[in-house]
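463 is the number of the first residue of the first sequence in my numbering; add one for each residue after it. C-beta: ideal position from N, C-alpha, C; glycine also.
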Amino acid sequence: MERLNFQAIEKKWQLTFEKEKLYNSKGSKKFYCLEMFPYPSGKIHMGHVRNYTIGDVIARFKFMNGYNVLHPMGWDAFGLPAENAAKENKLHPKNWTEKNIAEMRRQLKLMGLSIDWDLEVSTCDEKYYKHQQEIFIDFYNKGFVKRKENYVNWDPVEQTVLANEQVVNGKGWRSGAVVERKKLSQWFFDITKFSEDLLKGLDDLNYWPDKVKIMQRNWIGKSIGCEIKFDIEGENNKINVFTTRPDTIFGASFLAVSVDHPICSNFLKDEKYIKFKNECLKVGTTEEALANAEKIGFDTKLFAAHPFIKGKKLPIFVANFILMDYGTGAIFGCPAHDQRDLDFAKKYKLEIKEVVSDNPSKPKNFNKISEAFVGDGTIVNSKFLNGLKVEQAKNKIIKEIEKLKIGKKKITFRLKDWGISRQRYWGCPIPMIHLKDGTIVPVEKSELPIKLPDDIDLNQSGNPLENHKNWKNTVYKKTGEPATRETDTLDTFVDSSWYFLRFCSPKSKSEPFDITKVNYWMPVDQYIGGIEHAILHLLYSRFFMRALKKNNNKIKDNEPFKGLFTQGMVCHETYKDLNGKWLNPTEVEKNSDGKYQKILDKTEVKVGPSESMSKSKKNVVDPESMIKSYGADAVRWFILSDSPPEKDIQWSNQGVNAAYKFLQKIYNLCFIVNERSEKGNTLDKDFDLKMNSYINKITKSINNFNLNVVVANVYEIYNLFNDYLNKNISGEILKKNLSKLMKILIPFTPHIAYECLEMLGEKEIKNWPQVDTKLILKEKIKMAIQINGKTRDVIEIEKGINQVSVEKLCKGNLKVKGKLSNRSIKKIIFVKDRIINFIIES
RNA sequence: GCCCUCGUGGUGAAAUUGGUAGACACAAAGGACUUAAAAUCCUUGCCCUUUUGGGAGUGCCAGUUCGAGUCUGGCCGAGGGCACCA
């Protein structure tokens, strides 16, 4: 057995890969293959390995099929962890990030990826964020940027805005102080202007997973409803309410408005209201927190007049579950047909009237039912709407409302404007300046980039740039008057919303991107990344593309990503020590009883369920140590085997070991085949036929991302070779077909594949093995013979045989013959090349 | 709470999209080779039957169909996202 020296082989071929550069090919068709660029957290993790291996398979496969391929890599380098690391390790975020990038670049190169490293970009590089600032100013001038107030998580002890992940059980992760909701004036991108277009655009994304499109549709949340103006009793004022269920208007029993609704200004001195408002501010800013919070209200003692029931007064509440940024910030409550309203009505003892019924002959008493009825049904107790279905009633009542001029049909989106202000240091500075008179203007483009200061104190509380001794002091060029810089930095999602454009011309100095190159390479043909980005990153990028196009009408595409593939996560068991501290798998060993213990002090370790690898749970396996032990090819091979790429995968050392063993066998096979020289015989054609069939299957599987099936097929091909080695078959045929197998392996395990192809003396290694369609027709198929739907035998026959001939074969078939004789055949179902099913009397 | 996804042997899974359920692997057990171990190779894998053979079976319960892992309805369970982690 020839030992596989993978260290030497991988080193040898990685030098070739660096020089090869897929994008330099002269293919006539282009293919932009992009994997989501990583955050430089320190070291690459298995999620990266999976992501980039899948991407590399696609890039290399397309290249071998004659495409001109763009396959770049960069760094999503701004973000919170750099600041946290700076606080913990006293290392400047810039140095920390650059160190991590160097380390991760080195590690990625160990994987043998077909990346063109000349195109590398880093978002924290001023050469990159300079252009981002330009884009921001362009967007500002186009009216895509606005300023408004928004709630943030406020840590009253640290005097700092916290990220959602820094809020643990409603408390600051460091200070432990109860986090408050605080309003800040912030910058926003006007993504809601594009709601309709972003929604419509989804229809054309034929190469996106349906689930992602569904999630985005729901996120944008278009709903058709209407606005209704309610008169406030005894006041001149009206409350404008938005509802998607105008058909339930006769079941209305109260009005509820948001704490931020203008009407609330009447109660600012009311102690009860102040107390209520403080309660509301204790609930976090996430939608989850709001949805789970107990529904509470403040009774304004005001009443609104029901527009269709004369004399009926509806109490007006301020309620914590009404959001000012959705609809009009006010609703009418119909408890019988909305769960939140029902919970609220029961708490405040409000009327509950059924107006939609799935069984009108049996009225329901919702005072005794805990679940609201939200389904379709017939309208009841609703005067002129009675007897209509929900949809009909909606149309009729909207017409009526419009006729009475008390409201109108209205389309509302759930999508909110994109808040892009961050009170943090490690991000792209927002290129705006504040003048003395309070106006805010963009800086001159000639002044870009607005660089981050290097000297920064991150241990102070508050906004670091705000606290910097002189960074924010500047001069407004136009007038020469002193001014202050905007001290907020941009959300890091902005960085990743256009990096795919930058990759088309990463060195461009004068512009964010070269329009000719962008129009050649874009859209990204295949984008690959984690499902966790299904909504935000992908939606923001789609918005950016549209906004950029409006700004520069030379851009031809609306959509940045033509094809999308969302890979599953890499999971591993979790470990905790006796103090409940998470442990890394390398800190844990199995003792003689097969139980896990801590290596350090041999104390017991609690094994938790397998979850996606995350730094916080420490259940991560270091890819580099795996590559050192088994080789990059084996790690790549394992991560593609077994589980379909879109599903979660369990990391297993046994699995990667098995992959290594298989590669060793393949390598050995190469030596054996190379030395055979028998003359051909009748089995040769058979072998060619089977190999051709596999190439056909594998080509299809790669196009469908069924990479685990490809792996299984390759195992079958190996078994085929093993079978035929013991038979009298020509060495030439074996060699020719082994070359084909090795070419198939190039995208998967490139180092060993190139090595073996070199050994086999194969010169033409750039092309994917072609399928001979004539040979496909000659394949035999297996047909099941069923009696009453149960398979009784399977016969091997030529393709395309008709029913009559198959019936004849069956009547002569030993296993079936007996069962068919003396029985009357009621029916025969025949599906060509699949099955024949005899229905007989039982 | 809302939205999305997924449930097939001891394990990861496959199944030409309504047509042979469990391909291909991992683990296990038994065997071969070996002084021994490792490595490698072979065999086995639900129930009944000595074999031939027969039966059950894709989370659970119904339904459609000649035929359901695949379609429909209901239930149960697991995971992901929820706008300042990226």
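ask   = For C1033, does the three-state DSSP call read helix, strand or coil?
value = strand
query = Cα-Cα, which of L660, P893, K655, I868 is closest to K592?
reply = P893
ask   = With respect to the beta strand (DSSP E) encompassing A1311, which residues constitute its N-terminal and C-terminal limits?
value = This structure cannot settle anything about residue 1311, because the visible part of the chain is limited to 463 through 1304.
key: Collapsed DSSP secondary structure at D580 in the structure displayed   = helix
query = Using 8 Å as the Cβ pair cut-off and three pairs as the minimum, do the region 632–649 and the region 997–1008 touch?
reply = no
request  = Put H896 into one of helix, strand or coil per three-state DSSP.
outcome  = strand
request  = Locate the alpha helix (DSSP H) running through I1179, then write down its first and last residues.
outcome  = 1169–1187
message = Tell me the residue span of the beta strand (DSSP E) that contains E1224.
response = Careful: E1224 lies outside any beta strand (DSSP E) and carries neither H nor E.
message = So, does the region 973–981 touch the region 1009–1017, judging by three or more C-beta pairs under 8 Å?
response = yes
key: Residue environment, L776, which counts as buried when at least 16 other CB atoms sit within 10 Å   = buried
inquiry  = If I measure Cβ to Cβ from D693 and keep anything under 7 Å in the same chain, skipping five residues before and after, which residues do I get?
reply    = K700, A766, A767
task = May I ask you to verify whether the region 598–608 touches the region 1109–1121, counting CB pairs closer than 8 Å and requiring at least 3?
result = no
request  = Look at the alpha carbon of F523 and the alpha carbon of V511, and state the distance between them as a whole number of angstroms.
outcome  = 18 Å
query = According to the neighbour-count rule (16 or more other Cβ atoms, all chains shown, within 10 Å of its Cβ), is K934 buried or exposed?
reply = buried
query = Can you tell which of G1251, C966, E545 has its C-alpha closest to the C-alpha of P502?
reply = E545
message = With a threshold of 6 Å on Cβ separation, who are the neighbours of I1367 within its own chain once the five nearest residues in sequence on each side are excluded?
response = Residue numbering for the chain in the displayed model covers 463 to 1304; residue 1367 lies beyond these limits and cannot be assessed.
inquiry  = According to DSSP, simplified to helix, strand and coil, what is V903?
reply    = strand
request  = Under the assumption that E588 contacts K913 (Cβ atoms under 8 Å), give the Cβ distance between them as a whole number of angstroms.
outcome  = 6 Å
query = How many angstroms separate the CA atom of N1250 from the CA atom of K1244?
reply = 19 Å
request  = For Q621, I'd like the list of residues in its chain whose CB is within less than 7 Å of its CB, leaving aside the five on either flank, ordered along the chain.
outcome  = S923, G924
inquiry  = Check whether the region 716–733 and the region 784–799 are in contact - that is, three or more C-beta pairs closer than 8 Å.
reply    = yes
task = Look at the Cβ atom of C495, then the Cβ atom of G528, and state whether they are nearer than 8 Å.
result = no
message = If we require 3 or more residues per run, which beta strand (DSSP E) segments fall completely within the region 1053–1128?
response = 1058–1060, 1068–1074
key: I1227 versus E1021: straight-line alpha-carbon distance, rounded   = 35 Å
query = Does DSSP classify F975 as helix, strand or coil?
reply = coil
task = Please look up how many angstroms separate the CB atoms of A751 and V745, rounded, as I've assumed it's under 8 Å.
result = 5 Å
The region 602–621 in contact with the region 550–562 per 3-pair CB rule at 8 Å = no
key: Between the CA atoms of A1174 and S1139 - distance to the nearest angstrom   = 29 Å
task = Have a look at D899 and R636 and give me their C-alpha separation to the nearest angstrom.
result = 38 Å
Cutoff 6 Å; reference W670; Cβ partners in own chain excluding five residues on either side = L1026
inquiry  = Tell me which residues share the same chain as Y885 and place their Cβ nearer than 7 Å to its Cβ, disregarding the 5 neighbours each side in the sequence.
reply    = One point to set straight first is that residue 885 is Gln, not Tyr, in the sequence displayed. Cβ neighbours of Q885 beyond the five flanking positions: V623, N925, D950.
query = Which one of G839, K1281, P915, A1120 has the shortest CA to CA distance from K416?
reply = Residue numbering for the chain in the displayed model covers 463 to 1304; residue 416 lies beyond these limits and cannot be assessed.
request  = Sort out for me which residues DSSP pairs A766 with in a bridge.
outcome  = I694, L776
request  = Look up F493 in the DSSP assignment and give the residues it is bridged to.
outcome  = V531
query = To the nearest whole angstrom, what separates the beta carbons of K1024 and V986, a pair I think is in contact under 8 Å?
reply = 7 Å
request  = Please classify W983: does DSSP put it in a helix, a strand, or coil?
outcome  = helix
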